[in-house]
Amino acid sequence: MKKNIIFVVNPISGDIDKSDLIESVQEFAATNHFDLEVYETTGKNDLKEIQILYNQYQPERIIVAGGDGTIKMVAEAMEDHDVIIGILPAGSANGLSVDLNLPAGIEENLKIAFLNHYIEMDMICINGKKSIHLSDLGLNAKLVKNYENSDVRGFWGYALQAFTTLTEADEPFAATISANNKTVNHVARMIVIANSQKYGTGVIINPNGTMNDGKFELVILKSLDLLLIGKIITGNMPIDSEDIVIISTDKAEIKTDIPVHFQIDGEYCGAQNSLEIHILHKQMKFAVP
3 MKKNIIFVVN
13 PISGDIDKSD
23 LIESVQEFAA
33 TNHFDLEVYE
43 TTGKNDLKEI
53 QILYNQYQPE
63 RIIVAGGDGT
73 IKMVAEAMED
83 HDVIIGILPA
93 GSANGLSVDL
103 NLPAGIEENL
113 KIAFLNHYIE
123 MDMICINGKK
133 SIHLSDLGLN
143 AKLVKNYENS
153 DVRGFWGYAL
163 QAFTTLTEAD
173 EPFAATISAN
183 NKTVNHVARM
193 IVIANSQKYG
203 TGVIINPNGT
213 MNDGKFELVI
223 LKSLDLLLIG
233 KIITGNMPID
243 SEDIVIISTD
253 KAEIKTDIPV
263 HFQIDGEYCG
273 AQNSLEIHIL
283 HKQMKFAVP
């Protein structure tokens, strides 16, 4: 008996043409006796369309080709369903696939996405929105905003915007953070809400992050001078720095003295001055090596 698989592909993610990828997926599915339904995202009503397809085909897996934003959208569409999500990294930000240690080659990733076992992964709820990977307030969120508004995609687009964002960095903001029955005040350049360890560039921002432990970490970067930023961007996160505070918890509240740029999984969400955060334990199943 053939098994149903839905393949969701974001045709514009990462500025890469997906026609070869779609062909490879179709060949792999046929060879391994899967019935494949391909859905290309349009940016309009995708979440609803995927739910309709799920109800129609009742797939055992949904394979996603895109970046963190596309994966998050599929995870949100499937939050009430018991389905395994397989990832074919194909976005400009592939942080989740980096964290899941997915390989670079398409052949290995096809096997993992279609055939491998899975982990049950936590998600984070922030002001009612879901985050599967890394969200943040401050400097990086401004970088995401600048990147979304720019014409240059991929690594160089990020590098260019990183330089611009740093040279025009906003003043630090004051944050009141309540977690683990304690309230603390910090002046920060950036606060990361982390379910995992690494940004899509491979940079480790939260060395203690585990994606299925029922906790998330708040990583508070206090004085982001250029030297510290340089270390973080090159992947040498100085954990023992007094400029970095890490709080591990299952729920928290952050209030800031001014509205601060905010992003969820690489998607800019405007300026915020109040965040309510809690963990959603073992919310989704993701195929892993």
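Counting from 3, one number per residue, gives the positions in the sequence shown under my numbering. Glycine included, each C-beta is placed from N, C-alpha and C at the ideal position. None of the values given here were measured: they were computed from a predicted structure.
Looking at Gln-214: is its Cβ nearer than 7 Å to the Cβ of Glu-78?
Here the sequence assigns Asn to residue 214, which means Gln is not the residue at that position. No.
Pick from Gly-216, Lys-184 and Ala-115 that is closest to Ile-8, judged by C-alpha positions:
The shortest Cα separation from Ile-8 among Gly-216, Lys-184 and Ala-115 belongs to Ala-115.
Compute the distance between the beta-carbons of Ala-106 and Ser-15, then report whether it is under 7 Å.
Not a contact, by the Cβ cut-off of 7 Å.
Where the beta strand (DSSP E) containing Lys-5 begins and where it ends:
For Lys-5, the uninterrupted beta strand (DSSP E) run begins and ends at 5 to 11, by DSSP.
Run through DSSP, which three-state label would Glu-219 get?
DSSP places Glu-219 in strand when its eight states are reduced to three.
Mind checking if Val-262 is an interface residue toward chain C, Cβ cutoff 7 Å exclusive?
Going by chain labels, chain C is absent from the structure shown, which holds only one protein chain.
Give the DSSP-derived three-state secondary structure of Ile-134 in the structure shown.
In the structure shown, Ile-134 falls within a coil segment according to DSSP collapsed to helix, strand and coil.
Per DSSP, what kind of secondary structure is Gln-265 in: helix, strand or coil?
Gln-265 carries a strand assignment under DSSP once its states are collapsed to helix, strand and coil.
With a threshold of 6 Å on Cβ separation, who are the neighbours of Leu-102 within its own chain once the five nearest residues in sequence on each side are excluded?
Cβ-Cβ distances below 6 Å link Leu-102 to Val-290 in the same chain, with the five nearest sequence neighbours on each side left out; the list follows chain order.
In chain order, what residues of the same chain lie with their CB nearer than 7 Å to the CB of Lys-74, ignoring the 5 residues before and after it?
So the qualifying residues of the chain are Lys-132, Ile-134 and Asp-267.
I'd like to know whether the C-beta atoms of Val-66 and Ile-89 end up nearer to each other than 7 Å.
Yes.
Roughly how many angstroms separate the alpha carbons of Ser-225 and Phe-36, rounded to a whole number?
In this model, Ser-225 and Phe-36 are separated by some 52 Å (Cα to Cα).
Given a threshold of 16 other Cβ atoms within 10 Å of its Cβ, counted over all protein chains shown, does Ile-54 qualify as buried or as exposed?
Label assigned to Ile-54: exposed.
Just mark Val-76 as buried or exposed, buried being the case when its beta carbon has 16 or more other beta carbons within 10 Å.
So Val-76 counts as buried.
Can you tell me whether Ala-254 is buried or exposed? The criterion is at least 16 other CB atoms within 10 Å of its CB, across all chains shown.
So Ala-254 counts as buried.
Secondary structure at Met-75, three-state DSSP: helix, strand or coil?
Met-75: helix per DSSP, three-state reduction.
From His-119 to Met-286, what does the alpha carbon distance come to, in whole angstroms?
Distance between the alpha carbons of His-119 and Met-286 is about 13 Å.
Taking the beta carbon of Ser-137 as the centre, do at least 16 other beta carbons fall within 10 Å, making it buried, or is it exposed?
Classification for Ser-137: buried.
As an exercise, report each continuous alpha helix (DSSP H) stretch of at least 4 residues that is fully enclosed by the segment 47 to 129, in chain order.
As for any alpha helix (DSSP H) of minimum length 4 sitting wholly inside the segment 47 to 129, the runs are 48 to 59, 70 to 79, 97 to 101 and 108 to 117, ordered along the chain.
Have a look at Lys-147 and Lys-4 and give me their C-alpha separation to the nearest angstrom.
Approximately 44 Å, taken between the alpha carbons.
Which residue from Val-205, Ile-246, Ser-198 and Gln-199 puts its Cα closest to that of Arg-191?
Measuring from the Cα of Arg-191, the nearest candidate turns out to be Ile-246.
Decide if Asn-96 is buried, meaning its Cβ has at least 16 other Cβ atoms within 10 Å, or exposed.
A residue is called buried when at least 16 other Cβ atoms come within 10 angstroms of its Cβ; Asn-96 meets this threshold and is buried.
Where does Asn-142 fall in DSSP's three states?
Correct three-state label for Asn-142: helix.
Who are Gly-274's beta bridge partners in DSSP?
What sits at residue 274 in the sequence shown is Gln, not Gly. Gln-274 is bridged by DSSP to Val-262.
Cα-Cα separation between Asp-82 and Gln-60, rounded to whole angstroms
Between Asp-82 and Gln-60, the C-alpha separation is close to 13 Å.
What number of angstroms, rounded off, separates the C-alpha of Gly-211 from the C-alpha of Ile-195?
Approximately 11 Å between the Cα atoms of the pair.
DSSP three-state label for Val-297, please.
This structure cannot settle anything about residue 297, because the visible part of the chain is limited to 3 through 291.
Are Val-85 and Ile-64 closer than 7 Å when you measure CB to CB?
Result yes, Cβ atoms of Val-85 and Ile-64 sit closer than 7 Å.
Per DSSP, what kind of secondary structure is Glu-255 in: helix, strand or coil?
In the three-state reduction of the DSSP assignment, Glu-255 falls in the strand class, which pools E and B.
Shortest alpha-carbon distance to Pro-261 belongs to which of Thr-33, Ala-176, Leu-38 and Leu-145?
With distances taken between CA atoms, Pro-261 lies nearest to Ala-176 out of Thr-33, Ala-176, Leu-38 and Leu-145.
Does the distance from the CB of Ile-281 to the CB of Asp-124 come in under 7 Å?
The answer is yes: Cβ separation under 7 Å.
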